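Residue numbers (numbering that gives the first Met the number 0): 0 to 605.
Cβ coordinates follow ideal geometry from the N, Cα and C atoms, glycine included.
Computed from a predicted model, the values in this text were never measured in an experiment.
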Amino acid sequence: MAESKLIAESLPKRPLLKHLKKRVQFRRKAVSYRRKIYALDTETTQKGELLVLADNEGNYIGLGKSKINQVLKFLFSKRYEGSWCFFWNLHFDARIILRLILTELTDKALNKFYYTGRCKILGYSIHYIEKRKLSIKKGKHSVNFFDIAQFYSESSLKQSYKNNIKKPLPAHYEVMKESRSEFSKDYYNRHKRQMRTYCIDDCILTQELAVHWVDMFYKAFGFYSSHWISSGYLAEKILINHGVMIPKFDDTPLVVQELAWNCYVGGRIELVTRGFTDKAYIYDINSAYPYALTKIPEFTKGDWIQSKTILPNALLGFFKIKCNIPQTKHITPFFFKVRNKIIFPNGEFITYATLEELKSCEDSSWFEVLESWQYVDSNPFYPFKRVIEEFYEKRQELKRQGDPLELPIKIILNSIYGKTTQTTENKIGNLFNPIIGSSITGITRSMLYSAIMEHEIENDIVMLYTDSITTTKKLELDSKKLGEFSCDFEGSIYALQSGFYAKNDKFEKSRGIGQLGDETIIHKDTKLDSKGRLVYEFEKTRVGTIKMNIKNKTLEKIGSFSKVKKNLKLNGDRGRQWWGKLTNVRLKERNISTPFSFPIVDPTKI
Numbered sequence: 000m001a002e003s004k005l006i007a008e009s010l011p012k013r014p015l016l017k018h019l020k021k022r023v024q025f026r027r028k029a030v031s032y033r034r035k036i037y038a039l040d041t042e043t044t045q046k047g048e049l050l051v052l053a054d055n056e057g058n059y060i061g062l063g064k065s066k067i068n069q070v071l072k073f074l075f076s077k078r079y080e081g082s083w084c085f086f087w088n089l090h091f092d093a094r095i096i097l098r099l100i101l102t103e104l105t106d107k108a109l110n111k112f113y114y115t116g117r118c119k120i121l122g123y124s125i126h127y128i129e130k131r132k133l134s135i136k137k138g139k140h141s142v143n144f145f146d147i148a149q150f151y152s153e154s155s156l157k158q159s160y161k162n163n164i165k166k167p168l169p170a171h172y173e174v175m176k177e178s179r180s181e182f183s184k185d186y187y188n189r190h191k192r193q194m195r196t197y198c199i200d201d202c203i204l205t206q207e208l209a210v211h212w213v214d215m216f217y218k219a220f221g222f223y224s225s226h227w228i229s230s231g232y233l234a235e236k237i238l239i240n241h242g243v244m245i246p247k248f249d250d251t252p253l254v255v256q257e258l259a260w261n262c263y264v265g266g267r268i269e270l271v272t273r274g275f276t277d278k279a280y281i282y283d284i285n286s287a288y289p290y291a292l293t294k295i296p297e298f299t300k301g302d303w304i305q306s307k308t309i310l311p312n313a314l315l316g317f318f319k320i321k322c323n324i325p326q327t328k329h330i331t332p333f334f335f336k337v338r339n340k341i342i343f344p345n346g347e348f349i350t351y352a353t354l355e356e357l358k359s360c361e362d363s364s365w366f367e368v369l370e371s372w373q374y375v376d377s378n379p380f381y382p383f384k385r386v387i388e389e390f391y392e393k394r395q396e397l398k399r400q401g402d403p404l405e406l407p408i409k410i411i412l413n414s415i416y417g418k419t420t421q422t423t424e425n426k427i428g429n430l431f432n433p434i435i436g437s438s439i440t441g442i443t444r445s446m447l448y449s450a451i452m453e454h455e456i457e458n459d460i461v462m463l464y465t466d467s468i469t470t471t472k473k474l475e476l477d478s479k480k481l482g483e484f485s486c487d488f489e490g491s492i493y494a495l496q497s498g499f500y501a502k503n504d505k506f507e508k509s510r511g512i513g514q515l516g517d518e519t520i521i522h523k524d525t526k527l528d529s530k531g532r533l534v535y536e537f538e539k540t541r542v543g544t545i546k547m548n549i550k551n552k553t554l555e556k557i558g559s560f561s562k563v564k565k566n567l568k569l570n571g572d573r574g575r576q577w578w579g580k581l582t583n584v585r586l587k588e589r590n591i592s593t594p595f596s597f598p599i600v601d602p603t604k605i
């Protein structure tokens, strides 16, 4: 009897939907009247010790009163209740405040905070949503603090103020800013007035930026939100307040949602050519994810049909497929999930795909449908189309006029998608719906692939990054229309790994300083490690995080600044089969790649 051939199968999406806790998905408008706006700030030592806590009205407490009870009393002031209160980069300031709280908790309470962001101390109930919101409650009263920095594209308070408020900075502000690395308890004791003034100045700048954002938001969308948790939260409220009927998770059978969830892997991020490319062009899809939303019908009024063929009248669909992609394919149409990596292989394998991805594949003989759920509707309605198209056109007009009002529209349009796949504390989010989230990313991946095939640039690709194509071939693509491609960049590219690349030698900013997430990086060296592997060494200035230090039982390091050396492997990309290796980041070397091919390559060893 012939031995059956095992075929590699893409891993299912985790966590499984049956393991996620359900919740009531409310459609509250959360509209508010115009409230008073406060801004607060902390100044600390390099070790994360609180020196000053102040607000924009000049209220403050200093080092001598920075005990937990006095800090909580200051934050719980009646003036903040019912107001909108902001920090610039709450992610940092919350660490300083929470460090004082966490050091007083039992191990059991610390463990609870680690997983839920909640704790109780001195009669106060604390809830922290990382980077987004710090809440303090006592009895029937509460205060909430939000992060205003998330709504501005600039990384620093100073730069955001210059670009958006366009007023002179306070006297001596720059001098104190340069002294920031010297802040210590001794420094504070010798410069109390200057440090208080500097902290209050930061609060004043932050408050002006908060007022600026809140007013722009109202002018753009016609209402004030009761909370300013995140751009995703605001996007949700904008849709609801503009009459968009958003389907709920339970409105669709679980079997459909499960298959849609397995089709979800996010954007296509694939490095195809590594190292230096002298002449490259980057083409972006204009507002790709908002555009994809306009293509999703209201999917609870028609019928979901189970089928092993593609239905000609299907509007949406989620598929499990068996593939046999030719080994000659350089850019392939379907994803494959292995461990924590998404790859795009050729050869034989089983995976998942959306309807649009199957339609974009140039040869239907390359796949066989094993199972599917497809949505049909003889009279479809597209609930997101009107709002998104109206706001996109409004933003384009404001942009042409140089009106800063385009900023909130841009941020909100790009934030809707994230809410559709959001889970918190193992619970589904308020807009969680795999059908929507998977369709958005599937449509976008199909648009990238279709463009590559249409323009015959399969062998000219440098990389794909979510909604953009980097190619060595110049294309006649530069539209401003929603969902069409525009030329975003022309010049040299140095690509190391997915999402880590340089444009026109700007990989290393002035003197090698750049950003990697929240951390400052400084290029140090390119060298061989102890195992003979070539690495790109850089130094990071890192601020001690809450969870890491709870886990390591080093609470005293929360909020402290430290410098650590990290290695980024020059040849570390494992998304494709690489032919050749880079030897030095400063040399203009270039490596080519081919897709992994199954079953020649064992997916468990990638």
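**Prompt:** What does Met452 pair with, by DSSP beta-bridge criteria?
**Reply:** Bridge partners of Met452: none, in fact.
**Asked** Under a CB-based cut-off of 8 Å, is Ala287 close to chain B?
**Response** Absent here is chain B; the protein component of the structure consists of one chain.
**Request:** Give me the Cα-Cα distance between Glu424 and Leu15, rounded to the nearest whole angstrom.
**Result:** 14 Å
**Asked** Where do the N-terminal and C-terminal ends of the alpha helix (DSSP H) with Trp260 fall, by residue?
**Response** 253-261
**Under the three-state DSSP convention, the category Ile605 falls into** = coil
**Nearest residue (CA-CA) to Ser491, options Gln24, Phe275, Tyr32** = Phe275
**Asked** What beta strand (DSSP E) runs, 3 residues minimum, are completely inside the segment 55-124?
**Response** 59-61, 83-86, 117-120
**Where the beta strand (DSSP E) containing Lys502 begins and where it ends** = 499-502
**Message:** My output table needs one value for Cys486: the three-state DSSP class, helix, strand or coil.
**Reply:** strand
**Item:** Where the alpha helix (DSSP H) through Asn188 begins and ends
**Value:** 184-189
**Exposure of Arg510, with buried meaning 16 or more beta-carbon neighbours within 10 Å** = Because Arg510 sits at a pLDDT of 33, beneath the cut-off of 50, its placement in the model cannot be relied upon, and the following sentence gives the value as read from the coordinates. By the neighbour-count rule (16 or more Cβ atoms within 10 Å), Arg510 is not buried but exposed.
**Item:** Gln576 in three-state terms, based on DSSP
**Value:** strand
**Prompt:** Opposite Asn590 in the DSSP bridges: which residues?
**Reply:** Arg273
**Request:** For the alpha helix (DSSP H) holding Leu133, just list the boundary residues, first then last.
**Result:** Not the alpha helix (DSSP H): Leu133 falls in the beta strand (DSSP E), residues 132-137.
**Message:** As a quick exercise: from Ile342, Asn323, Leu101, pick the residue whose alpha carbon is nearest that of Leu463.
**Reply:** Ile342
**Request:** Write down the C-beta distance between Lys137 and Tyr123 rounded to the nearest angstrom, noting that I regard them as a contact closer than 8 Å.
**Result:** 5 Å
**Prompt:** Between Leu292 and Asn413, what straight-line distance do the alpha-carbon atoms span, to the nearest angstrom?
**Reply:** 11 Å
**Message:** Let me confirm a value: Asn88 is counted as buried when at least 16 other C-beta atoms fall within 10 Å, else exposed. Which label applies?
**Reply:** buried
**Message:** Below 7 Å, is the gap between the Cβ of Thr43 and the nearest heavy atom of the ligand MN?
**Reply:** Looking at this structure, you won't find the ligand MN or any other ligand, since it has none at all.
**Asked** If you draw a straight line from the C-alpha of Glu257 to the C-alpha of Thr251, how long is it?
**Response** 10 Å
**Message:** Mapping the DSSP letters down to three states, classify Leu515 as helix, strand or coil.
**Reply:** Since pLDDT at Leu515 reaches only 44, below the 50 mark, its modelled position is unreliable, and no value is offered.
**Request:** Determine the DSSP secondary structure at Leu404, reduced to helix, strand or coil.
**Result:** coil
**Message:** Please report the straight-line C-alpha distance between His18 and Met215, rounded to a whole angstrom.
**Reply:** 41 Å
**Request:** Buried or exposed for Leu515, please, with buried defined as at least 16 other CB atoms from any protein chain shown within 10 angstroms of its CB.
**Result:** Confidence at Leu515 is low in this model, with a pLDDT of 44, below 50, so its placement is unreliable and the value that follows should be read with caution. By the 10 Å Cβ count, Leu515 comes out exposed.
**Request:** Please classify Leu369: does DSSP put it in a helix, a strand, or coil?
**Result:** strand
**Request:** Can you tell me which of Arg195, Glu153, Ser159 puts its alpha carbon nearest to the alpha carbon of His171?
**Result:** Arg195
**Element boundaries [alpha helix (DSSP H), containing Val461]** = Val461 -> not in any alpha helix (DSSP H); beta strand (DSSP E) instead, spanning 460-465.
**Prompt:** Which whole-angstrom value is the C-beta distance of Gly441 and Glu367, which I expect to be below 8 Å?
**Reply:** That belief does not hold up - the Cβ atoms of Gly441 and Glu367 are roughly 19 Å apart, past 8 Å.
**Message:** Between Arg385, Lys218, Thr419, Thr471, which has its C-alpha nearest Pro403's C-alpha?
**Reply:** Lys218
**Message:** Is the beta carbon of Tyr282 closer than 8 Å to that of Gly497?
**Reply:** Note that residue 497 is Ser in the sequence shown here, rather than Gly. Against a cut-off of 8 Å, the Cβ pair of Tyr282 and Ser497 comes out as no contact.
**Item:** Other residues of its chain near Cys360: CB distance less than 6 Å, five sequence neighbours each side excluded
**Value:** Pro332
**Start-to-end residues for the beta strand (DSSP E) that takes in Tyr351** = 345-353
**Message:** Using 8 Å as the threshold, is the C-beta distance between Lys384 and Arg394 below it?
**Reply:** no
**Asked** In the DSSP assignment, what are the bridge partners of Thr41?
**Response** Leu52
**Message:** I'd like to check one pair, Arg94 with Ile228: are the Cβ atoms closer than 8 Å?
**Reply:** no
**Asked** Of the choices Val210, Ile427, Asp200, Asn163, whose alpha-carbon is the least far from that of Val23?
**Response** Ile427
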